[in-house]
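Peer 1: In short: position in the sequence shown from 1, add 23, done, that's the numbering used here.
What follows is a single structure, and I will ask about it in a moment.
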Amino acid sequence: MRCLAPRPAGSYLPEPQGSGQCATMELGPLEGGYLELLNSSADPLQLYHLYDQTDLAREEFELCSEPDMDTINCEQFSRLLCDIEGDEETREAYANIAELDQYVFQDSQRDGLSKDMFVEHIGLEEIISESVEALEEKTSQKRPFPEELPVDSKHRKLAEPLAVPVVTGTFLVGSVSGSSPRSCLSPPAVFNKEPASSPNWLGENVLMSVPPSSPLLSCLSLPAGHIQIVPTLPQGLWQISGAGTGVSGMVIYQGEMPQGSQVLPSGGPALHSLPKSPERPGSTSPFAPSATDLPGMPEPALTSRANMTERVEKFRSSLRDRYQAEPAGPEDILVEVELVRARLERSISKSQERELATPDWAERQPARGGLAEVLLAAGDRPRQRETRVVAVLGKAGQGKSRWAREVSRAWARGQLPQYDFVFAFPCHCLDRAGDAYRLRDLLFSLGPEPLPADEEVFSYILRRPDRVLLILDGFEGLEGQDGLLHAACAPTSSEPHSVRGLLAGLFQRKLLRGCTLLLTARPRGRLAQSLSKADALFEVTGFSAEQAETYLTRHLEHAGAPGHREKALERLRRQPFLLSHSHSPTLCRAVSQLSEALLARGGEAELPSTLTGLYVGLLGPAAREGPPGALAALARLAWERGRRHRGTLPDSQLPAADVRAWAVAKGLVRPSPGAGDTELAFSSFLLQCFLGAVWLSLSSDIKDKELPQYLALTPRKKRPYDNWLEGVPRFLAGLLFQPHGRCLGALVGPAAATLAARKQKVLSRYLRRLQPGTLPAGRLLELLHCARETLDTGLWQHVVQGLPAHLSFLGTRLTPPNAYVLGSALEAAGRDFSLDLCSTGIDPSGLGSLVGLSCVTRFRAALSDMVGLWESLQQRGEAKLLRAVEQKFTIEPFKAKSLKDVEDLGNLVQIQRTRSSSEDTAGELPAVRDLKKLEFALGPISGPQAFPKLVRILEAFSSLQHLDLDSLSENKIGDEGVELLSATFPQLKALETLNLSQNNITDAGACKLAEALPSLAASLLRLSLYNNCICDTGAESLAHALPDMVSLRVLDVQYNKFTAAGAQQLAASLRKCPHMETLEMWTPTIPFGVHEHLQQLDPRISLK
């Protein structure tokens, strides 16, 4: 096979001739590359791919040269491309060339012709025009190309038809007779076995049908003779060496062959010289190399997909079988977890850091399409051949790993046809030392199990990276994840590097560029940069109360005890604390396991009321059956590995074989995926946290003064404890404070009672010295959880009595367990509270339980969440609770930062209007009636669109005192917005402050405002028109209105465009307003001397 490639200076390319021999043609130096070739005078037909049928197996690239010149083969050319791939300017040049190529040939896509054949655009029409008398004229719809271009060597017409037939991808071009054209038969008539209406047509000619939109003739007459039907044509330009021997014509039909007959009956010989299409990606034009030649070229130049070979398909099938053969774990009987789209927001402490945002419940965007929607987000690439990164986030135990395994199984079941290969890696398998790894090792050797693959499979993956999905599960456990976007990476797939360098190459889009990366991770405060730069973010939401009960039911059915379902559910409902924690699938599984164990024992034993009691109930029987000291040894390993941010432990670190056998048999540890018998993993993250807390309770190595730091409530500024095992504080408080005999003693016996009692006193002194009112919202919630785990009434009362009267959880996630423990604390305090629940993500059930408490007298929450709550209460008929919630709810102060905020405010007003018109005693909603301050800060894009909606509901806020329309990004409501606002002034009788700064108001708006200001004469105290476009006319209008504004105290017209004349008008009007205190009117269009003179006349004029 011969291919087009840029040549060094003095080299030559083959020119196809009728005999198939190569002639030479000077192409010039390499430095111009493909752009030089595009502008050259080379004949495109002479530069296209020629099929060398004498050696199909080799498919190697040969370049003809003179005997004294050097040649460059395919391997050398590929190495040359790899060398220049790292050069940003070179890559951009190739991308520009590919875009130019796509632009040049984009007309063909509208005409229905194949883009892959250059001859269809340059020269094909002229070839046929010399052999056929009737041509249909084609008019260009976009631009006069190529017909109206000047005739030069590059766009010259071919003077003579080809000596042999050539296949163009959809047509066959060859010698034609001068016979007159006939009426074109429809394709079904051509391929039908039954005789046509004209029985002599085969003896006279053969007709070729082409699309009407083609610039070619609709019918072409070919000479009479034997006919051969070719149902499948190869792609590219092919020389038919055997054509003409016994064959005088061919039928070419663009489209699907009729089922009735694939080959027309003919006595002529078959054309055995037509080659099969080679299994390699094609090019879009002679100026763009194929995917095999240029693996790093941009996508516009790589459009065709290579067919899979038998080896590739065999490897793909074995990979599918492996995923389908994975054993289902205990969590795989579960209810499907839900995903919502997540977004990032800037950290409050450091502006450069980005954290996971906490949307309100009604603002969530559930991925109702599940896996399909997640991967659909991966397909929305802004640019072709760009790597797409999708991250699925969630706290420990939310089911991320199970979801990632389900992705692999879904692909194995054929549900992800957009991917040819899916490679899944637990990230703990990728922590390997050394610098001798290549991309092939990452894909086939470093995963859970080595995959047998040869070079042919790897080559296919390199050619089609867009068909590859890589899953990295547990990304937070990868060491050094923060620096992957800037770390040194492997520039090519063949160069050895560290595993970290290979991952950096993937994230920096230098390796497998165009693949999809799917990450699962546990967010802990600031996201790693590689996660924050992801193209799409999703979050696992956990279970609802209904889903938790469904899970328990299925667990009992799987265990063979479906008859105890109602009894188990009743026990769970009597422990609302555990039911709220069943929001986590891991804890839901633990509750189900303990419920099953209690049912098996019989009796009326209840579920424990704390998390500590839950895990003591699960591990107590196992600890009594294990070897002496086994639980303590496992707890030490859990703590030590957790300090290193590891959830796995080498098998060699276990003290004895019987300890290992006991831990595996009891389900405390299990073989780590991909490590065989050499490494074990804790069965869940929360179990590791519990065992770590057991070790802190038992260890004599932990000094008393160091123990409080592990509660992570008041972190030290120097060398703070990172709290990677985030469940340890609650378990530690429960183990040390709950009665020793049925808690820590049930695990390790009575020997540790003395040591535990001493540590309990240390923590008790520390907790009693804390001031809950000084803690941030997140740590306050953690303190409440720790205090509740202790089951110490005195300590619990000490903590809840220290709660401040106003509690703000703005921006803090209130999960179901958080909402439950907060409600318990408020009830136990026995006094009134006000709550700010905006941007907490609290679910409707938790919101209703909190705001329904009698001790909560006032609260703020998201408007959309409240509308949903009211509708729910109305549907359930809870009129008393509905009235109580309406009386407590407030939106004071309200700041509209998005179009949705304005719409929610409009919905609230609509609810009030509906309520007032439907009830016998009309009354206003307190939230609407009592609103006193309203801010509008939507910016220059959304501001002008949303402001009319806000104006339509302003009259409903009868108590509004402060209307702030100023924004740092400038709302720009303009003169139209001022005119709309002015019409509402008669209804805003309580308005005291009106801020219209930075709104692009001109004289027209100022005049409208001045006309309406007397409606506010009795209430308005402050008016700001800072930084607008008011000139002398507007200043004069305001000056005329000032004497009527008897209540106005401050007027700010700084940074406008009026001159000294307008300033003098305002100053003169000020002398008629003894009630005014300040007139701020410095502006750069007024000379400073005039400013000083006016200020000397009236000191109330401020020049600040």
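Ideal placement from N, C-alpha and C gives every residue a C-beta, glycine not left out.
1) Alpha carbon to alpha carbon, how far is A979 from R936? Give it in angstroms, no decimals.
2) Does the contact criterion of 3 or more C-beta pairs under 8 Å hold for the region 769 to 782 versus the region 746 to 753?
3) With a threshold of 7 Å on Cβ separation, who are the neighbours of G1112 within its own chain once the five nearest residues in sequence on each side are excluded?
4) Considering only the beta carbon of each residue, do K911 and F882 sit closer than 7 Å?
5) Find the nearest neighbour of F917 within the set G929, T838, E409, judged by alpha-carbon distance.
6) By how many angstroms is the C-alpha of H1116 removed from the C-alpha of L1126?
7) Can you tell me which of the three DSSP states E749 falls into?
8) Do you know how far the Cα of C1030 is from the Cα of R1045?
9) Cα separation between F1008 and L1017?
10) Given that a residue counts as buried once 16 or more other Cβ atoms are within 10 Å of its Cβ, and exposed if not, what is D727?
11) Can you find the residues in the same chain that come closer than 6 Å, C-beta to C-beta, to S965, ignoring five residues on each side of it along the sequence?
12) Return the Cβ separation of L730 and K782 in integer angstroms, given the expectation that the two are a contact with Cβ distance under 8 Å.
13) Tell me where the beta strand (DSSP E) around P694 begins and ends.
14) Our contact map puts S618 next to R588 with C-beta atoms below 8 Å; I'd like the distance itself, whole angstroms only.
15) Sort A688, S1005, V951 by Cα distance to P644 and report the nearest one.
16) Pull up the CB-CB distance for S517 and P840, whole angstroms please, since I reckon it's below 8 Å.
17) The beta strand (DSSP E) spanning E1002 covers which residue range?
18) Return the chain-ordered list of same chain residues with a C-beta closer than 7 Å to the C-beta of D1121, the five sequence neighbours on each side being excluded.
19) Here's the rule: buried if 16 or more other CB atoms are within 10 angstroms of the residue's CB, otherwise exposed. What is R811?
20) Could you name the residues that DSSP lists as bridge partners for T813?
21) Taking 7 Å as the cut-off, decide whether the C-beta atoms of L703 and V717 are in contact.
22) Does DSSP classify N841 as helix, strand or coil?
23) With a threshold of 7 Å on Cβ separation, who are the neighbours of G869 within its own chain once the five nearest residues in sequence on each side are excluded?
24) Quick one: what does DSSP say V1076 is sitting in, helix, strand or coil?
25) Going by the beta-carbon positions, is the gap between R1072 and L1102 smaller than 7 Å?
26) Find the nearest neighbour of Y1078 within the set A1058, N1050, V1069, judged by alpha-carbon distance.
27) Is the CB-CB distance between Q388 and R364 below 7 Å?
28) Taking only runs of the alpha helix (DSSP H) that begin and end inside the region 880 to 961, which ones reach a length of at least 4 residues, in chain order?
29) Hey, quick one: how far does the alpha helix (DSSP H) through A613 stretch, first residue to last?
30) So, helix, strand or coil for A679, using DSSP?
31) Under the three-state reduction of DSSP, which class applies to H1098: helix, strand or coil?
32) When the Cα atoms are used, what is the spatial distance from L988 to L833?
33) Within the chosen definition, does the region 486 to 496 reach the region 442 to 451 through at least 3 CB pairs nearer than 8 Å?
34) Buried or exposed for A395, please, with buried defined as at least 16 other CB atoms from any protein chain shown within 10 angstroms of its CB.
35) Given G665, which residues of its chain have a CB within under 7 Å of its CB, disregarding the five upstream and five downstream residues?
36) Cα separation between L948 and R547?
Peer 2: Judging by the given coordinates:
1) Taking the first residue of the sequence shown as position 1, residue 936 is located at position 913. Taking the first residue of the sequence shown as position 1, residue 979 is located at position 956. Computed Cα separation, rounded: 9 Å.
2) Judged by Cβ distances under 8 Å, the region 769 to 782 makes no contact with the region 746 to 753, as fewer than three pairs qualify.
3) Against the sequence shown, residue 1112 aligns to sequence position 1089. Here G1112 has no same chain residue with a Cβ atom under 7 Å from its own Cβ, once five neighbours each way along the sequence are excluded.
4) For the purposes of this step, residue 911 is identified with residue 888 of the sequence shown, where counting begins at 1. For the purposes of this step, residue 882 is identified with residue 859 of the sequence shown, where counting begins at 1. For K911 and F882, yes; Cβs fall inside 7 Å.
5) Within the sequence shown, the letter at position 894 stands for residue 917. That would be G929, whose Cα lies nearest to the Cα of F917.
6) Taking the sequence shown and counting its residues from 1, the one referred to as residue 1126 is at position 1103. Taking the sequence shown and counting its residues from 1, the one referred to as residue 1116 is at position 1093. Spanning the two alpha carbons is a distance of roughly 11 Å.
7) Translated into the one-based positions of the sequence shown, residue 749 becomes position 726. Note: E749 maps to coil in three-state DSSP.
8) Sequence index remark: in the sequence shown, residue 1045 carries index 1022 (1-based). Sequence index remark: in the sequence shown, residue 1030 carries index 1007 (1-based). Per the coordinates, the alpha-carbon of R1045 lies some 18 Å from the alpha-carbon of C1030.
9) What you label residue 1008 is simply residue 985 of the sequence shown in a count that begins at 1. What you label residue 1017 is simply residue 994 of the sequence shown in a count that begins at 1. Approximately 11 Å between the Cα atoms of the pair.
10) For the purposes of this step, residue 727 is taken as residue 704 along the sequence shown, with counting starting at 1. That one is exposed.
11) The sequence position of residue 965 within the sequence shown is 942, counting from 1. Result list for S965: L922, in chain order.
12) For the purposes of this step, residue 730 is taken as the residue at position 707 of the sequence shown. For the purposes of this step, residue 782 is taken as the residue at position 759 of the sequence shown. That belief holds up - the Cβ atoms of L730 and K782 are roughly 6 Å apart, short of 8 Å.
13) On the sequence shown, position 671 is the one that residue 694 refers to. Where P694 is concerned, the enclosing beta strand (DSSP E) stretches over 692 to 694.
14) For the purposes of this step, residue 618 is identified with residue 595 of the sequence shown, where counting begins at 1. For the purposes of this step, residue 588 is identified with residue 565 of the sequence shown, where counting begins at 1. The pair is not a contact, with the Cβ atoms about 10 Å apart (cut-off 8 Å).
15) Taking the first residue of the sequence shown as 1, we reach residue 644 at position 621. The candidate whose alpha carbon is nearest that of P644 is A688.
16) Here residue 517 refers to the residue found at position 494 when the sequence shown is read from its first residue. Here residue 840 refers to the residue found at position 817 when the sequence shown is read from its first residue. Not quite, the Cβ-Cβ distance comes to about 51 Å (not below 8 Å), so this is no contact.
17) What you label residue 1002 is simply residue 979 of the sequence shown in a count that begins at 1. E1002 -> not in any beta strand (DSSP E); alpha helix (DSSP H) instead, spanning 997 to 1005.
18) As a position in the sequence shown, residue 1121 is number 1098, starting the count at 1. The answer, listed in chain order, is A1090, L1093, R1094.
19) Sequence index remark: in the sequence shown, residue 811 carries index 788 (1-based). Around the C-beta of R811, 16 or more other C-beta atoms lie within 10 Å, and the residue is accordingly described as buried.
20) As a position in the sequence shown, residue 813 is number 790, starting the count at 1. According to DSSP, T813 bridges with nothing at all.
21) By 1-based counting over the sequence shown, the position of residue 703 is 680. By 1-based counting over the sequence shown, the position of residue 717 is 694. The criterion of a C-beta distance shorter than 7 Å is not satisfied by L703 and V717.
22) Position 818 of the sequence shown, counting from 1, holds the residue named residue 841. Secondary structure of N841 (DSSP, three-state): helix.
23) Residue numbering aside, residue 869 sits at position 846 when the sequence shown is read from its first letter. Excluding the 5 residues flanking it on each side, G869 has same chain C-beta neighbours closer than 7 Å at L837, P839, A842, in chain order.
24) Start at 1 with the first residue of the sequence shown, and residue 1076 comes out as number 1053. Per DSSP, reduced to three states, the secondary structure at V1076 is coil, with no helix or strand assignment.
25) The residue you call residue 1072 lines up with position 1049 of the sequence shown. The residue you call residue 1102 lines up with position 1079 of the sequence shown. A distance of 7 Å or more separates the beta carbons of R1072 and L1102.
26) Position 1055 of the sequence shown, counted from the start, is the residue given in the question as residue 1078. Ranking A1058, N1050, V1069 by Cα distance to Y1078 puts N1050 first.
27) Walking along the sequence shown from the start, residue 388 turns up at place 365. Walking along the sequence shown from the start, residue 364 turns up at place 341. For Q388 and R364, yes; Cβs fall inside 7 Å.
28) Entirely contained in the region 880 to 961, the alpha helix (DSSP H) runs reaching 4 residues are, in chain order, 886 to 899, 902 to 911, 922 to 941, 949 to 952.
29) Position 590 of the sequence shown, counting from 1, holds the residue named residue 613. In the DSSP annotation of this structure, the continuous segment of the alpha helix (DSSP H) that includes A613 starts and ends at 608 to 624.
30) Translated into positions along the sequence shown, residue 679 becomes position 656. Judged by DSSP in its simplified three-state form, A679 adopts coil rather than helix or strand.
31) Taking the sequence shown and counting its residues from 1, the one referred to as residue 1098 is at position 1075. Per DSSP, reduced to three states, the secondary structure at H1098 is coil, with no helix or strand assignment.
32) Translated into the one-based positions of the sequence shown, residue 988 becomes position 965. Translated into the one-based positions of the sequence shown, residue 833 becomes position 810. Rounded to whole angstroms, L988 to L833 spans 23 Å at the Cα level.
33) The region 486 to 496, when compared against the region 442 to 451, does touch it at the 8 Å Cβ threshold.
34) Locating residue 395 in the sequence shown gives position 372, counting from the first residue. Exposed.
35) Within the sequence shown, the letter at position 642 stands for residue 665. The answer, listed in chain order, is Q711, G715, W747, L748.
36) On the sequence shown, position 925 is the one that residue 948 refers to. On the sequence shown, position 524 is the one that residue 547 refers to. For the pair L948 and R547, the Cα-to-Cα distance works out to about 40 Å.
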